[in-house]
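Below: one structure, written as structure tokens.
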Amino acid sequence: MEARDHELERDLAATLHARGELGPEYESALIESFLEKVEQRLDTTMDRRVRRHLAEQQVTAARDPRSARSPSAAGTASGFGERFGFGIVSLVLAVPLSAIGVANAGIEGLVVAWMGIVGVNAVHAARNGGLFRQRERPEAREASDWQDRGM
338 MEARDHELER DLAATLHARG ELGPEYESAL IESFLEKVEQ RLDTTMDRRV
388 RRHLAEQQVT AARDPRSARS PSAAGTASGF GERFGFGIVS LVLAVPLSAI
438 GVANAGIEGL VVAWMGIVGV NAVHAARNGG LFRQRERPEA REASDWQDRG
488 M
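Number 488 marks the last residue of the sequence shown (my numbering); no jumps.
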């Protein structure tokens with residue numbers, strides 16, 4: 338990374354030198370040019386980091402397939418966060434939907450609004466594998482691995 342810092346320092350020095358020679362009327366063009374170089378370097382660095390991170394994930398998944406987690410897997414923090422967030426949003430939206438339903442159609446409108454809310458939540462729960470999906474305990478998994486080997 339130090340080599341890149343030296344390159345940036347050289348580019349900045351060259352930009353400042355060019356500004357001194359060309360004058361302040363070219364200042365914005367010089368600054369834009371320098372910032373484009375910085376942006377290109379940042380993009381290159383980020384691309385390299387993302388590729389390295391993806392490669393590390395692939396190596397980890399190849400070594401132990403059970404450690405690879407899907408984003409919608411039950412029991413993971415992101416799965417819980419998604420379900421919890423969806424539930425909160427549903428409850429927040431339930432208040433105005435209930436008011437609109439009652440104002441427009443009375444008790445029937447309220448029932449229809451809540452049927453829609455429950456329906457949307459049921460579809461979301463079904464998409465994520467259901468409400469009552471059993472989570473596999475580590476000790477149960479180890480026992481089944483032991484039994485699968487026939488020992």
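Virtual Cβ for every residue (Gly too), placed ideally from N, Cα, C.
Within the continuous alpha helix (DSSP H) that includes Glu362, where are the two ends?
Your numbering for residue 362 matches position 25 in the sequence shown. Segment: none, Glu362 is in no alpha helix (DSSP H) and carries neither H nor E.
Which residues mark the beginning and the end of the alpha helix (DSSP H) in which Gly443 is found?
Indexing the sequence shown from 1 puts residue 443 at position 106. Counted as a single uninterrupted DSSP element, the stretch harbouring Gly443 is not any alpha helix (DSSP H), since DSSP gives it neither H nor E.
What does the alpha-carbon distance come out to for the pair Gly357 and Phe371?
Here residue 357 refers to the residue found at position 20 when the sequence shown is read from its first residue. Here residue 371 refers to the residue found at position 34 when the sequence shown is read from its first residue. Between Gly357 and Phe371, the alpha-carbon positions lie close to 15 Å from each other.
Just how far apart, CA to CA, sit Glu362 and Ala351?
To locate residue 362, count along the sequence shown from 1; it is residue 25. To locate residue 351, count along the sequence shown from 1; it is residue 14. Their Cα atoms are separated by approximately 17 Å.
For Ala431, which residues from the same chain have a beta carbon less than 6 Å from its beta carbon, with the 5 sequence-adjacent residues on both sides left out?
As a position in the sequence shown, residue 431 is number 94, starting the count at 1. Counting only Cβ-Cβ distances below 6 Å, and skipping sequence neighbours, we find Ile454.
Of the listed residues Ala399, Ala440, Asp380 and Leu367, nearest to Ala355 (C-alpha basis)
Translated into the one-based positions of the sequence shown, residue 355 becomes position 18. Comparing Cα-Cα distances from Ala355 to each of Ala399, Ala440, Asp380 and Leu367, the minimum goes to Leu367.
Out of curiosity, what's the CA-to-CA distance linking Leu379 and Leu434?
Working through the sequence shown from its first residue, we reach residue 379 at position 42. Working through the sequence shown from its first residue, we reach residue 434 at position 97. Using only the alpha carbons, I get a separation of about 46 Å.
Quick one: grab the DSSP three-state call for Asp384.
Here residue 384 refers to the residue found at position 47 when the sequence shown is read from its first residue. In this structure, Asp384 counts as helix in the three-state DSSP scheme.
Helix, strand or coil: which one does DSSP assign to Asn458?
As a position in the sequence shown, residue 458 is number 121, starting the count at 1. Note: Asn458 maps to helix in three-state DSSP.
Measure the Cβ-Cβ separation of Leu428 and Gly438 and say whether it is below 7 Å.
Counted from its first residue, the sequence shown places residue 428 at position 91. Counted from its first residue, the sequence shown places residue 438 at position 101. Cβ distance not < 7 Å, so Leu428 and Gly438 don't count as in contact.
Test item: CB-CB of Phe423 and His461 under 7 Å
Taking the first residue of the sequence shown as position 1, residue 423 is located at position 86. Taking the first residue of the sequence shown as position 1, residue 461 is located at position 124. Yes, the Cβ-Cβ distance between Phe423 and His461 is below 7 Å.
Could you check what DSSP says for Val401 in three-state terms: helix, strand or coil?
Here residue 401 refers to the residue found at position 64 of the sequence shown. The sequence shown places Asp at residue 401, not Val. DSSP, reduced to helix, strand and coil, places Asp401 outside both helices and strands of the structure shown, so it counts as coil.
Going by beta carbon distance, what residues of the same chain come within less than 8 Å of Arg347, once the five residues before and after it are set aside?
The residue labelled residue 347 in the question sits at position 10 within the sequence shown. For Arg347, where only same-chain residues beyond five positions count, there are no Cβ hits under 8 Å.
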